[in-house]
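Letter by letter, the sequence shown follows residues 1 to 633 in the working numbering.
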Amino acid sequence: MLHFKTKLILLYSGSNFNLVTIISISTLKNSIIIFLVLIFTTGIVKGQEFLSFKVYPSNNSYSQSDEIKVAAEIQINKPYHIYPYKVNDPAYIPTAINVNSDLFEISDYFFPEYELYKFEFSETELWVYQGDVHVGLNLKSKGNLKSGNYFIPVSIYFQACDDKVCYPPKTVIDTVEISITEKTGDKTNDDIFAQINFSKPTQIKKEKVNLSENERISAPPGETQVSDFIAENGLFLSIFFIFLGGLALNLTPCVYPLIPITISYFGVQASGSKAQSILMGVFYALGMSVTYSALGLFAALSGSLLGTALQNPLVIIFVASVLFALGTSMFGAFEIRVPQKLALAGNKNRSGLFGSMVMGLLVGFIAAPCIGPFVLSLLVYVGQIGDPFTGFFLFFILSLGLGLPYIFLAAFSSSLNKLPRSGEWMEGVKIIFGLIMFGMAIYTMEPLFPKEIFAIIFPVYIIAAGVYLLMFSKKGNTSAVFSKIKYCLAIFAIIYGTWNLKPEGAAEKLDWKELNTLTEVENSISNGNKPVMIDFYADWCAQCKELDEYTYTDSEIIDLSKKFNNIKIDLTKENAEITDKFEIRGLPVVMFKNSKGEELRELRVTGFLNPDEFKKIMDAVLEKENQISSSDK
Numbered sequence: 001m002l003h004f005k006t007k008l009i010l011l012y013s014g015s016n017f018n019l020v021t022i023i024s025i026s027t028l029k030n031s032i033i034i035f036l037v038l039i040f041t042t043g044i045v046k047g048q049e050f051l052s053f054k055v056y057p058s059n060n061s062y063s064q065s066d067e068i069k070v071a072a073e074i075q076i077n078k079p080y081h082i083y084p085y086k087v088n089d090p091a092y093i094p095t096a097i098n099v100n101s102d103l104f105e106i107s108d109y110f111f112p113e114y115e116l117y118k119f120e121f122s123e124t125e126l127w128v129y130q131g132d133v134h135v136g137l138n139l140k141s142k143g144n145l146k147s148g149n150y151f152i153p154v155s156i157y158f159q160a161c162d163d164k165v166c167y168p169p170k171t172v173i174d175t176v177e178i179s180i181t182e183k184t185g186d187k188t189n190d191d192i193f194a195q196i197n198f199s200k201p202t203q204i205k206k207e208k209v210n211l212s213e214n215e216r217i218s219a220p221p222g223e224t225q226v227s228d229f230i231a232e233n234g235l236f237l238s239i240f241f242i243f244l245g246g247l248a249l250n251l252t253p254c255v256y257p258l259i260p261i262t263i264s265y266f267g268v269q270a271s272g273s274k275a276q277s278i279l280m281g282v283f284y285a286l287g288m289s290v291t292y293s294a295l296g297l298f299a300a301l302s303g304s305l306l307g308t309a310l311q312n313p314l315v316i317i318f319v320a321s322v323l324f325a326l327g328t329s330m331f332g333a334f335e336i337r338v339p340q341k342l343a344l345a346g347n348k349n350r351s352g353l354f355g356s357m358v359m360g361l362l363v364g365f366i367a368a369p370c371i372g373p374f375v376l377s378l379l380v381y382v383g384q385i386g387d388p389f390t391g392f393f394l395f396f397i398l399s400l401g402l403g404l405p406y407i408f409l410a411a412f413s414s415s416l417n418k419l420p421r422s423g424e425w426m427e428g429v430k431i432i433f434g435l436i437m438f439g440m441a442i443y444t445m446e447p448l449f450p451k452e453i454f455a456i457i458f459p460v461y462i463i464a465a466g467v468y469l470l471m472f473s474k475k476g477n478t479s480a481v482f483s484k485i486k487y488c489l490a491i492f493a494i495i496y497g498t499w500n501l502k503p504e505g506a507a508e509k510l511d512w513k514e515l516n517t518l519t520e521v522e523n524s525i526s527n528g529n530k531p532v533m534i535d536f537y538a539d540w541c542a543q544c545k546e547l548d549e550y551t552y553t554d555s556e557i558i559d560l561s562k563k564f565n566n567i568k569i570d571l572t573k574e575n576a577e578i579t580d581k582f583e584i585r586g587l588p589v590v591m592f593k594n595s596k597g598e599e600l601r602e603l604r605v606t607g608f609l610n611p612d613e614f615k616k617i618m619d620a621v622l623e624k625e626n627q628i629s630s631s632d633k
């Protein structure tokens, strides 16, 4: 006798909920469970126009103690490509593979190496998959399994693009049959498994496998250098350069105020032995390592949470405030000194070691705001791979580089008090460093300002800093060499700031009507007496962002746009009413209609065009509009 149990599951795919019905059929004599997956939405089926997805087992059957290996075969149709499990441009969506089962989960992924490909719309090479791709998966059960056949739904979530257009993210599901018996069965599908390297699992954060666009770690342009370097050169070579990067951090202005602290602190310990001084320097460096290693560990564990936190206005204001405070200290507003308790703790060996470690921890905390693009890139990389050990280790290496000079300072602490005073020129250096830290504070707050406003604020500050050095700062002028260097820096700052000052601001901006419903769009078209330009875009569409950044900011395009009724429609969230009405299949799309509301289909733009090419399209639209006006007279 058959007993039926029906289970309804909602699978989230991009902006669609996909209803899956699982019918469990069991008999009294055996425990055969058959899953029949019925897909009732088109979101999953339509993904098959871009690729086919099939999952294969490695054996005819498995014992309960076996490691279950399966292979996912992805055949990507031409001319499309998809992106690998990680991306080198945050504008794109990585591919994710999931097991949709209450009985099994993926323990390891084995993704193949991605290709580097240069597209028309991209300035840099992108990481992509094209053609046939094979991904290995290790499955493990979530509990004890009885003998029988198990049908496991496996899904792939991806974004497909061609050379011109990107399409909304899709999900495709296949079902793999796994047979559990008393002993392991014969191997099967050898030709498919031969194409997968199972020797080294892919480092990927499991809880971030099924990511939407807004959940991925986003890095501002230029902040994926570390990820790119490690991918190209390997982790071993990268460790050496990360160590050098830590050493280089000692040259940043934030570290400068810490040098007098260190000299003062270790100078107190001058009466100790050389070995004791070196040991204190090691503990000082270890204290710094605790700060940065904890930062790396947090980045690995939090992933996108850290990326979000770094963009939080409160965090940005806090970091900028620390930088500003350090800048004022360079101007003599206050002096950073060794806490008295820690200085006194140095008189006892054990307390001195502890005091050194705490001092190093505090120094690491104070220097943290000067992380710069290099360390921010490393944070993004660690957050992407999601491995706590790797995050801790890489930042430990970084902190060793940062702390190494302090070990030498400790080793020669007995000679520090004998050093001659630096002279007045050092006061001039402090002024320059203070101005740099003020600039860093302003630069840190860039996300809080409109782009066109910040394009004025930052160059104006650089000019003002140059003028201050040139005309008002007298510190260090008694040194002829320093004066020449200071005046050269001042003149360079004035020239650089003037060169980068762009006063056009908000005036040089294409004026869009941002509409969301079909009714609003149709009303806007019918009420106007101009030709219409409609830009369809989405947050996941990289070429849309290219149009916004490079084409729509061109002065000639902006001037021509004043002759159009300009409409912008956001399709980040699926809007079937609009996409069906205007036959939008992929993005970007720029549609043109004449003043009578008739689309000029032959002039529809599907992909990125540079300003010159786009101008030709707009000129053609206006020429046709002139023909209409002439015929009406």
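Glycine included, C-beta positions come from ideal geometry on N, C-alpha and C.
Give every residue of the same chain whose Cβ lies closer than 7 Å to the Cβ of Thr551, excluding the five residues on either side of it in the sequence, and list them in chain order.
Contacts found: Ile557, Leu609, Asn610, Pro611 and Phe614.
Going by other Cβ atoms of all chains shown within 10 Å of its Cβ, with 16 needed for buried, is Ala441 buried or exposed?
By the neighbour-count rule (16 or more Cβ atoms within 10 Å), Ala441 is buried.
If you follow the alpha helix (DSSP H) that Tyr487 is in, where does it begin and where does it stop?
Unbroken alpha helix (DSSP H) run through Tyr487: Ala480 to Asn500.
In terms of residue numbering, what span does the beta strand (DSSP E) encompassing Asp554 cover?
Taken as a continuous stretch (DSSP letters only), Asp554 belongs to no beta strand (DSSP E), as it is neither H nor E.
Please report the Cβ distance between Phe193 and Ala71, rounded to the nearest whole angstrom; I am assuming they are in contact, meaning their Cβ atoms lie under 8 Å.
The distance from the Cβ of Phe193 to that of Ala71 is about 5 Å, consistent with a contact at the 8 Å cut-off.
What does the Cβ neighbour count give for Lys78, buried or exposed, with the cut at 16 atoms within 10 Å?
Classification for Lys78: exposed.
Report all residues from its chain with a CB closer than 6 Å to the CB of Ile494; omit the five preceding and five following residues, and keep chain order.
These residues qualify, in order along the chain: Ile463 and Gly466.
Asn100 and Pro153: beta carbons closer than 8 Å?
Contact check for Asn100 against Pro153 passes: the beta carbons are separated by less than 8 Å.
Does DSSP put Leu211 in a helix, a strand or coil?
Residue confidence for Leu211 is low, a pLDDT of 38 falling below 50, so the modelled location carries little weight; the figure read from the coordinates is stated next. Correct three-state label for Leu211: coil.
Alpha carbon to alpha carbon, how far is Asp108 from Glu602?
Each residue's alpha carbon lies about 49 Å from the other.
Using only alpha-carbon positions, find the residue among Thr579, Leu587 and Phe592 that is nearest to Lys563.
Out of Thr579, Leu587 and Phe592, Phe592 has the C-alpha closest to the C-alpha of Lys563.
Keeping to the same chain, check which residues put their C-beta closer than 8 Å to that of Tyr62; ignore five residues upstream and five downstream.
Ile68, Ile178, Ser179, Ile180, Thr181, Thr184 and Gly185.
By the DSSP assignment, the beta strand (DSSP E) with Pro153 in it spans what residues?
For Pro153, the uninterrupted beta strand (DSSP E) run begins and ends at Gly148 to Phe158, by DSSP.
Candidates Met445, Asn594 and Ile617: which alpha carbon is nearest Gln635's?
The requested residue 635 is not part of the displayed model; the chain covers only 1 to 633.
Distance check for Ile485 and Met394, CA to CA, integer angstroms please.
Reading off the sequence shown, one finds Leu at residue 394, where the question assumed Met. For the pair Leu394 and Ile485, the Cα-to-Cα distance works out to about 37 Å.
Cβ neighbour criterion (16 or more within 10 Å) applied to Phe408
Looking at its Cβ environment, which holds fewer than 16 other Cβ atoms inside 10 Å, Phe408 is exposed.
Could you check how far apart the C-beta atoms of Tyr636 and Tyr284 are, in whole angstroms? I think they sit under 8 Å.
Nothing about residue 636 can be reported from this structure: the residues present for the chain run from 1 to 633 only.
Contacting residues, own chain, Cβ-Cβ under 6 Å from Tyr80 (five flanking each side not counted)
The residues are Phe50, Ala160 and Asp162.
Classify Thr27: buried if its beta carbon has 16 or more other beta carbons within 10 angstroms, exposed otherwise.
Reliability fails at Thr27, whose pLDDT of 35 lies under 50, so the model's placement of it is uncertain and the value that follows must be treated cautiously. Around the Cβ of Thr27, a 10 Å sphere holds fewer than 16 other Cβ atoms; the residue is exposed.
Please name the residue, chosen from Pro313, Asp132 and Glu105, that lies closest to Tyr114 on a Cα-to-Cα basis.
With distances taken between Cα atoms, Tyr114 lies closest to Asp132.
Taking just the CA atoms, how far does Thr390 sit from Ile397?
Between Ile397 and Thr390, the C-alpha separation is close to 11 Å.
Measuring alpha carbon to alpha carbon, tell me which of Ile578, Ile567, Glu574 and Pro531 ends up nearest Lys624.
When the alpha-carbon of Lys624 is set against those of Ile578, Ile567, Glu574 and Pro531, the nearest one is in Pro531.
Taking Lys54 as the reference, give the member of Glu514, Asp89, Glu522 and Leu137 with the closest Cα.
Checked all of Glu514, Asp89, Glu522 and Leu137; the closest Cα to Lys54 is Leu137.
Let's test the definition: count the other Cβ atoms within 10 Å of the Cβ of Ala490 and tell me whether it reaches 16, buried, or not, exposed.
That one is buried.
Between Pro84 and Thr95, how many whole angstroms is the CB-CB distance? I'm expecting something under 8 Å.
Taking 8 Å as the upper bound for CB-CB distance, Pro84 and Thr95 are in contact here, some 6 Å apart.
C-alpha gap between Ile436 and Ser629, whole angstroms:
Distance between the alpha carbons of Ile436 and Ser629: 59 Å.
Looking only at its own chain, which residues have a Cβ that is under 7 Å from the Cβ of Asn59, when we skip the five neighbours before and after it?
Closer than 7 Å at the Cβ level, and outside the excluded window around Asn59, lie Thr184, Gly185, Asp186, Lys187 and Thr188.
For Met618, which residues in the same chain have their Cβ closer than 6 Å to its Cβ, ignoring the five residues on either side in sequence?
Excluding the 5 residues flanking it on each side, Met618 has same chain C-beta neighbours closer than 6 Å at Leu560, in chain order.
Please state whether the Cβ-Cβ distance between Leu501 and Val460 is less than 8 Å.
With respect to the 8 Å criterion, Leu501 and Val460 are classified as neighbours on the basis of their beta carbons.
Rounded C-alpha distance that separates Val128 from Lys475:
Across the structure, Val128 and Lys475 are spaced so that their CA atoms are roughly 55 Å apart.
Kindly indicate which three-state DSSP category Phe449 falls into: helix, strand or coil?
Here Phe449 carries a coil assignment [DSSP, helix/strand/coil].
In the DSSP assignment, the beta strand (DSSP E) including Ala96 goes from what residue to what residue?
Looking at the DSSP string, the run of the beta strand (DSSP E) that includes Ala96 is Ala96 to Val99.
Grab the span of the beta strand (DSSP E) containing Gly136 for me, first residue to last.
It spans Asp132 to Ser141 - the beta strand (DSSP E) in which Gly136 sits, taken as one unbroken run.
Can you check DSSP and say which residues form a bridge with Pro57?
Beta bridge pairing from DSSP links Pro57 with Val70.
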